[in-house]
Every structure is written in C-alpha cells, then in structure tokens.
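One structure below.
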Amino acid sequence: MSSFTRELCDLCRRIKIRVKHRISELNAKKDGLNRYSHNSYGMQTIKCVVVGDGAVGKTCLLISYTTNKFPSEYVPTVFDNYAVTVMIGGEPYTLGLFDTAGQEDYDRLRPLSYPQTDVFLVCFSVVSPSSFENVKEKWVPEITHHCQKTPFLLVGTQIDLRDETSTLEKLAKNKQKPITSEQGEKLAKELKAVKYVECSALTQKGLKNVFDEAILAALEPPEPSKKRKCKFL
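Residue numbers for the sequence shown follow the working numbering, so the first one is 28 and each next one is one higher.
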C-alpha cells in the first residue's frame with residue numbers, strides 16, 4: 028500500500044460530517060441559479076471550501092456561523108463538512124461548507140475536496156503576518172492551480188485580537204504588527220479576489236457578512252462561454 032493510499036484511508040476513517048441548519052434571508056440576484064446541483068431534499072446546493080494556514084480560525088469561523096457557539100478548545104482539522112440552509116430570493120439552498128487542514132502533511136489530500144467548488148474562502152489571521160504572506164505564496168496559487176476560474180474571497184480572521192495587549196506585545200517582540208484592513212484590501216485586489224472581508228468568530232462581528240458575500244460570489248452569472256465551478260483535470 029502506497030503512502031498516499033494510507034493517508035487517504037486515514038482520512039476516510041477520520042472524516043466527520045456535521046449538519047446544522049440556519050435560515051438566513053439574503054437578497055441575491057437569481058441569475059444563473061440553475062447551474063447548481065440539487066441535494067437529496069430537492070434544494071439547490073452551493074459548495075464553499077475554506078482554506079488557509081493551520082490555527083488561523085477556519086474551524087471557529089464555521090462553527091460560530093453554523094451553531095452560534097464559539098468552540099472552547101483547538102482541535103486541528105483533517106476535513107470537516109458542515110451544511111446550512113439559507114433562503115435566497117425566497118428559495119431554500121443548501122450551503123455546503125468544507126473545512127480543510129492547513130498543515131503541510133495534508134497538501135496531497137486537501138485538493139480532493141476542491142472539485143465542484145463554487146467559491147473559496149482564503150483565510151488568514153490578522154494577527155499572524157506569516158499566514159497573511161502565505162495567502163500569496165501558497166493558498167491562492169494552490170486553488171488557482173486546481174480551480175482556475177472559481178471565485179474566491181480573502182478573509183481576515185480573529186479581528187478581536189487586533190487590540191489585545193498580550194497579542195500586540197507578542198507581535199512587537201518580533202517587530203511585527205497586526206494586518207490592517209487596508210493591507211487586506213490591497214492584497215485582495217492584487218490577487219484578483221472577489222473582495223476582502225474580515226470578521227471575528229468570537230464576537231461574530233462581520234461573520235454573517237463573510238458568508239453572505241461568499242454566496243453572492245457563487246451566484247454571480249458566469250462569464251460567457253466560461254464555467255466557474257471547479258473541475259479537476
């Protein structure tokens with residue numbers, strides 16, 4: 028058995044699927060909605076995959092949004108799936124949320140979750156300059172390699188820590204500062220992200236907006252003769 032096969036078997040044993048439901052009213056254009064598949068309940072589905080360095084708050088982002096609760100401890104993710112029901116233009120949709128592992132150990136397995144993705148959330152922590160740098164160095168190149176036409180949002184997480192004294196002191200020791208909104212917006216424009224958004228999973232400031240914007244990005248009509256849903260080549 029190859030090492031990759033062993034990794035895949037380990038993934039299958041450890042994968043968890045969590046289904047939560049949230050009804051959210053979102054005024055979105057209904058252009059091109061028939062592009063989306065239907066789940067077993069007859070609802071159209073939108074697939075959103077979350078990527079970024081480990082420990083930047085990807086899982087907290089998803090748990091806080093889907094359950095309105097903030098997790099009390101950090102457990103590194105392998106792959107977790109979540110689902111929420113959202114109302115768009117009076118019609119129910121299933122928003123499938125795919126949490127991925129940011130660690131290098133899963134670099135070969137992570138792309139297995141990319142096919143059929145409608146929108147990516149590329150996350151970094153605003154108090155982790157290295158995770159911000161990796162957006163350009165690793166994450167955007169990775170998703171554009173596998174899903175060149177799929178839209179993505181740049182998401183700054185943990186904004187509640189921007190003004191926390193202990194966090195600022197820790198950054199100062201390394202001659203670093205928190206990433207500003209202006210820096211995030213500049214990078215999003217440079218990398219051709221749909222837009223830059225930021226939030227706190229702890230306080231939920233900006234949290235709903237992240238997913239509202241992700242849904243809007245997924246529902247934008249495709250460019251003529253171009254398919255935006257991720258296909259594995």
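All residues carry an ideal CB built from backbone N, CA and C; glycine is no exception.
All of these numbers come straight from a predicted model, not from anything done at the bench.
Bounding residues of the beta strand (DSSP E) (the contiguous stretch that carries residue i)
i      : result
Pro119 : Glu118 to Thr127
Gly183 : Phe179 to Thr184
Leu148 : Val146 to Ser152
Gly79  : Gln71 to Gly79
Beta-carbon proximity of residue i to residue j, cut-off 7 Å
i      : j      : result
Gln185 : Ser158 : no
Val76  : Thr171 : no
Thr230 : Asp187 : yes
Ala241 : Val146 : yes
Gly79  : Gly123 : no
Leu88  : Ala228 : yes
Val149 : Phe179 : yes
Cys257 : Tyr141 : yes
Arg137 : Thr127 : yes
Thr93  : Tyr109 : yes
Endpoints, the alpha helix (DSSP H) within which residue i is located
i      : result
Lys87  : Rather than Lys, the amino acid found at residue 87 in this sequence is Cys. Lys85 to Thr94 is the extent of the alpha helix (DSSP H) around Cys87.
Glu164 : Run containing Glu164: none; DSSP gives neither H nor E here.
Cβ distance (whole Å) where residue i is taken to contact residue j below 8 Å
i      : j      : result
Val182 : Val224 : 6 Å
Pro156 : Ile206 : 6 Å
Lys15  : Cys226 : Lying before the first or after the last residue shown, residue 15 is absent from the chain, which here runs from 28 to 260.
Leu214 : Val162 : 7 Å
Residue i beta carbon near the ligand HEM (any heavy atom closer than 6 Å)
i      : result
Tyr101 : Among the components modelled here there is no ligand, and therefore nothing to report on the ligand HEM.
### Query
Any contact of the region 228–245 with the region 195–211, i.e. 3+ C-beta pairs under 8 Å?
no
### Message
Runs of 4 residues minimum, wholly inside the region 172–244: which ones carry the alpha helix (DSSP H) assignment?
### Response
192–200 and 208–217
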